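Residue numbers (the working numbering): 2 to 157. Ideal Cβ positions, reconstructed from N, Cα and C, are used throughout, including at glycine. Note that the coordinates shown come from a computational prediction; the quantities given were computed from them, not determined experimentally. Working notes, structure below.
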């Protein structure tokens with residue numbers, strides 16, 4: 002159909018009443034959130050409606066989730082060490098060396114796992130910071146010491 006034919010059909014439908022009583026009739030059209038975008042209107046509209054996000058935004062969300070999980074693991078390990086230290090105060094003398102050695106071995110294993118996890122998180126942070134369009138959007142590098150102190154990053 003050509004544009005004049007379409008306009009003619011819409012007029013016929015309006016005149017016959019086929020377009021009356023439809024939901025939203027007479028209400029103003031919603032404001033277009035991309036209205037002030039100028040020449041970038043189509044791009045913004047497409048990104049907004051498709052929920053597309055730049056890779057650095059996806060990485061930022063992943064970094065925050067991993068950082069939260071790692072911080073929880075670090076806190077849980079610190080609490081375990083505190084409980085273990087309290088337990089070692091009550092262990093009979095004949096078992097203390099074996100229990101201390103077991104505690105140190107478990108602590109070393111967990112700290113090694115945490116160090117690997119921080120390295121993986123650092124790699125994501127560095128990738129994010131390379132892709133982010135501005136230095137003000139950069140994420141601070143995570144350190145194990147910072148996580149133990151409760152801050153998570155090198156700023157302390």
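Of the listed residues the options, nearest to residue i (C-alpha basis)
i, options, result
"residue 58", "148, 145 and 131", "131"
"residue 124", "15, 19 and 61", "61"
"residue 77", "106, 24 and 112", "112"
"residue 63", "25, 26, 140 and 136", "140"
"residue 150", "3, 79, 52 and 16", "79"
"residue 33", "25, 50 and 18", "50"
Check whether residue i and residue j have beta carbons under 8 Å apart
i, j, result
"residue 97", "residue 89", "yes"
"residue 114", "residue 75", "no"
"residue 145", "residue 119", "yes"
"residue 70", "residue 143", "no"
"residue 72", "residue 138", "no"
"residue 85", "residue 104", "yes"
"residue 14", "residue 20", "yes"
"residue 82", "residue 108", "yes"
Backbone secondary structure at residue i - three-state DSSP
i, result
"residue 145", "helix"
"residue 120", "helix"
"residue 139", "coil"
"residue 157", "Note that residue 157 scores 38 on pLDDT, short of 50, meaning its location in the model is unreliable; the coordinates nonetheless yield the value given after this. Here residue 157 sits in coil by DSSP."
"residue 104", "helix"
"residue 21", "coil"
"residue 92", "coil"
Close-in-space but distant-in-sequence residues of the same chain around residue i (CB under 6 Å, 5 per side omitted)
i, result
"residue 45", "35 and 38"
"residue 6", "none"
"residue 93", "none"
Residues near residue i by beta carbon distance below 7 Å, same chain, minus five either side
i, result
"residue 158", "Residue 158 is absent from the structure shown; the chain starts at 2 and stops at 157."
"residue 129", "57, 60, 61, 64 and 140"
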